[in-house]
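Protein chains in written order, with this note's numbering: chain A, 115 to 197; chain B, 8 to 420.
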Amino acid sequence: MAHTEAEVLSGLAEIVNEETGLAPEAVEPSKSFTDDLDIDSISMMTIVVNAEKKFSVKIPDDDVKDLVTVQDAVDYIVKAQQA
Amino acid sequence: MTSTVVVTGLGAVTPLGTGADATWRAALAGTSGARTLTNDWSEKYGIPVDFAAPIDASVVEENLTRVEAKRLDPNSRFALIAAREAWQDAGAPEVEPERLAVSWGTGIGGAWTLLNAWDTLREEGSRRVMPLTVPMLMPNGPAAAVGMEFSARAAVQTIVSACASSTESIGHAFDQLRSGKADVVIAGGSEAAILPVTLSAFSSMRALSRRTDSPETASRPYDIDRDGFVMGEGAGTLVLELEEHAKARGAKIYAEIGGWGISNDSYHITAGEPEGRGSILAMRQALETAGLQPADIRHINAHATSTPVGDVPESLAINALLGPHASDAMVSATKSMMGHLLGGAGAVEAVLTVLAVQNRTAPPTINIEQVDPQIELTIARDTPQELPAGEIAALTNSFGFGGHNAVVAVKSV
């Protein structure tokens, strides 16, 4: 069952909150994971693994580097659900 | 430049309480931290021991943020809580990061993390094994967590010598200060190994008490019917500092670390050498480095784990070392109350030894119904015992699988 874009954003925000303690509302679509949210590579991988589980998608390691902003990740997950 | 090493801060997370003071007061009251475990491990896996001296989950919830806890193995969680307490207790000393060191001990490391990762791997596959698994399970995890917390840029070292680990870590902290490599050292040790695998393994070697009907009275060092140790968990921390540094900043000083000793039995992988030769060597070194005579030793926090074979050689060693003065040393076996914290035991017992010397009170040894006639010691039995006024010294002993012996000498100030 596919999640809507809004559901993916809020689900992702929950995952980021769980991993970093950042308030879910701080996880805005335009924010960069590294530059704005200060998420390091290990935390990013943890977030990716948790997102794969939550949304039943696969995000290959090679694609993770392209997920610069929160919106990039939301788009990727929404698209991957349909694949 | 004086090279006297003093204790300026204490911290503890133990089965008796959260905080050095809470632990000390519970110990004086003769409290047992042992209880039946609320999980289903015994039933599910057939483990013959269903009790231990655990720390409530609420302790971590109340003292660490959710994110802090999530990124640390339980071992490191206890370490960080105890280290923060000791640091605050020491007055959060201003020290250059390059002059601040950490000397930590653990016996098992991050076993909980490793076992969880293995479960995840088997049940969900490699992809679900979390990226933080290695830094969480590595045995230097607690030292690294404590070091980062306080920006320690001198040595951040981890001593792994089973149940002697964190007495040894205090000794190495002493050496760091004496050799001029640091002005302040956060010394301590921690363990969080109450797990089905370790309970099974220690049970298999018959090391654990099987008094499942009475966990509170199961740990009974020196009692004729002792049948093994009770597993505990937690952490202890001492902030050690050069006396000159402590005095310059007006810090309160609990006691002096006079010296320490270290040796190995080289006899058997788990059993101690029956006459306690290795223990004698370590205790003698502690006296010598501290400039102490046998008559100065008025208190000993014994290793005494409550195993049938373990408690006797230490008694022999104390008598061999102190001779006619052995009876003047009031001996406390505090594992009777908090169980055996393995790699964390030495640090917590050092905290108690410092408080005993400062308060002139030896904490009690509980649960002795009849003293084993092979034990010839003056035991602080059932109730706290007063220690003499004036200049006194104490020893805290720890011995570990692998033949390790470590002893720290504490002097009154």
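Glycine residues also receive a C-beta, built at the ideal position from the N, C-alpha and C atoms.
For residue i, which residues of its own chain have a beta-carbon under 7 Å away from its beta-carbon, when the five flanking residues on both sides are left out?
{"i": "M202/B", "result": "For clarity, residue 202/B is Leu in the given sequence; the question names Met instead. Taken in chain order, the residues that qualify are A118, W119 and L122."}
{"i": "M145/B", "result": "G116 and G117"}
{"i": "Y229/B", "result": "A311, D318, A340, T372, I375, V378, D379, I382 and I386"}
{"i": "M158/A", "result": "F147 and V178"}
{"i": "T140/B", "result": "T120 and A124"}
In chain order, what residues of the same chain have a beta carbon less than 6 Å from the beta carbon of residue i, not counting five sequence neighbours either side?
{"i": "S334/B", "result": "T385"}
{"i": "E223/B", "result": "S39 and A41"}
{"i": "A297/B", "result": "G265, G266 and A416"}
{"i": "M143/B", "result": "D80, G117 and T120"}
{"i": "L123/A", "result": "V188"}
{"i": "F209/B", "result": "L215"}
{"i": "D303/B", "result": "A400"}
{"i": "T403/B", "result": "N308, E356, A357, T360 and V415"}
{"i": "G409/B", "result": "A169"}
{"i": "I287/B", "result": "A324, A327 and L328"}
Skipping 5 residues on each side, what residues in its chain have a beta carbon closer than 8 Å to that of residue i?
{"i": "E101/B", "result": "R256"}
{"i": "T390/B", "result": "G37 and P371"}
{"i": "V237/B", "result": "A41, F58, A59, A60, L215, S216, P222, A225, S226, S313, K342, G346 and H347"}
{"i": "S10/B", "result": "L184, R185 and L249"}
Among the options, which one has its Cα closest to the Cα of residue i?
{"i": "F169/A", "options": "E139/A, A137/A and Q195/A", "result": "Q195/A"}
{"i": "T72/B", "options": "I62/B, P315/B and L87/B", "result": "L87/B"}
{"i": "P315/B", "options": "A297/B, I382/B and N366/B", "result": "I382/B"}
{"i": "P281/B", "options": "M290/B, E295/B, A324/B and I269/B", "result": "A324/B"}
{"i": "I54/B", "options": "T43/B, D63/B and I62/B", "result": "T43/B"}
{"i": "S405/B", "options": "G397/B, D272/B and V141/B", "result": "D272/B"}
{"i": "S172/B", "options": "D63/B, A352/B, P395/B and T277/B", "result": "A352/B"}
{"i": "L349/B", "options": "D126/B, G407/B, A89/B and A29/B", "result": "G407/B"}
{"i": "D150/A", "options": "V192/A, V130/A and D177/A", "result": "V130/A"}
{"i": "M290/B", "options": "G178/B, A363/B and A151/B", "result": "G178/B"}
{"i": "A258/B", "options": "G268/B, A363/B and W94/B", "result": "W94/B"}
{"i": "Q392/B", "options": "S339/B, E398/B, I375/B and A33/B", "result": "S339/B"}
{"i": "I62/B", "options": "L329/B, V141/B, L23/B and A311/B", "result": "L23/B"}
{"i": "A387/B", "options": "A400/B, A336/B, A354/B and L294/B", "result": "A336/B"}
{"i": "V204/B", "options": "K51/B, G397/B and L394/B", "result": "K51/B"}
{"i": "V182/A", "options": "D152/A, A137/A, E139/A and A120/A", "result": "D152/A"}
{"i": "R78/B", "options": "I191/A, I156/A, D186/A and Y190/A", "result": "I156/A"}
{"i": "A29/B", "options": "G397/B, A396/B, V420/B and L362/B", "result": "L362/B"}
{"i": "A151/B", "options": "Q300/B, M137/B, D190/B and G195/B", "result": "G195/B"}
{"i": "S110/B", "options": "T165/B, F157/B, V136/B and D232/B", "result": "T165/B"}
{"i": "G243/B", "options": "A189/B, A33/B, P395/B and E92/B", "result": "E92/B"}
Quick check: residue i and residue j, are their CB atoms within less than 7 Å of each other?
{"i": "A416/B", "j": "G285/B", "result": "no"}
{"i": "G135/A", "j": "V74/B", "result": "yes"}
{"i": "L128/B", "j": "A161/B", "result": "no"}
{"i": "G148/B", "j": "S197/B", "result": "no"}
{"i": "S322/B", "j": "N412/B", "result": "no"}
{"i": "G241/B", "j": "T25/B", "result": "no"}
{"i": "A90/B", "j": "V153/B", "result": "yes"}
{"i": "E128/A", "j": "I161/A", "result": "no"}
{"i": "A369/B", "j": "H275/B", "result": "no"}
Around the Cβ of residue i, are there at least 16 other Cβ atoms within 10 angstroms (buried) or fewer (exposed)?
{"i": "A97/B", "result": "buried"}
{"i": "Q377/B", "result": "exposed"}
{"i": "A19/B", "result": "buried"}
{"i": "R213/B", "result": "exposed"}
{"i": "D116/A", "result": "Residue identity check: residue 116/A is Ala in the sequence provided, not Asp. Label assigned to A116/A: exposed."}
{"i": "S46/B", "result": "This sequence places Asn at residue 46/B; Ser is not what is there. That one is exposed."}
{"i": "T118/A", "result": "exposed"}
{"i": "M8/B", "result": "Since pLDDT at M8/B reaches only 46, below the 50 mark, its modelled position is unreliable, and the value read off the structure follows with that caveat. Classification for M8/B: exposed."}
{"i": "E356/B", "result": "buried"}
{"i": "K418/B", "result": "buried"}
{"i": "P174/A", "result": "exposed"}
{"i": "S168/B", "result": "buried"}
{"i": "V171/A", "result": "buried"}
{"i": "M155/B", "result": "exposed"}
{"i": "P320/B", "result": "buried"}
{"i": "I193/B", "result": "buried"}
{"i": "V125/B", "result": "Per the sequence shown, residue 125/B should be read as Trp rather than Val. So W125/B counts as exposed."}
{"i": "Q292/B", "result": "buried"}
{"i": "G4/B", "result": "Past the boundaries of the shown model lies residue 4/B; chain B is included only from 8 to 420, so the question cannot be answered."}
{"i": "A354/B", "result": "buried"}
{"i": "G283/B", "result": "buried"}
Practice item. Determine contact between the region 209-218 of chain B and the region 110-117 of chain B, defined as no fewer than three beta-carbon pairs at a distance below 8 Å. Key: no
Check your understanding: Do three or more CB pairs link the region 14-22 of chain B to the region 251-267 of chain B at distances below 8 Å?
Key -> yes
Review point. Touching or not, the region 58-74 of chain B and the region 175-185 of chain B, by the rule of three or more beta carbon pairs under 8 Å?
Key: no
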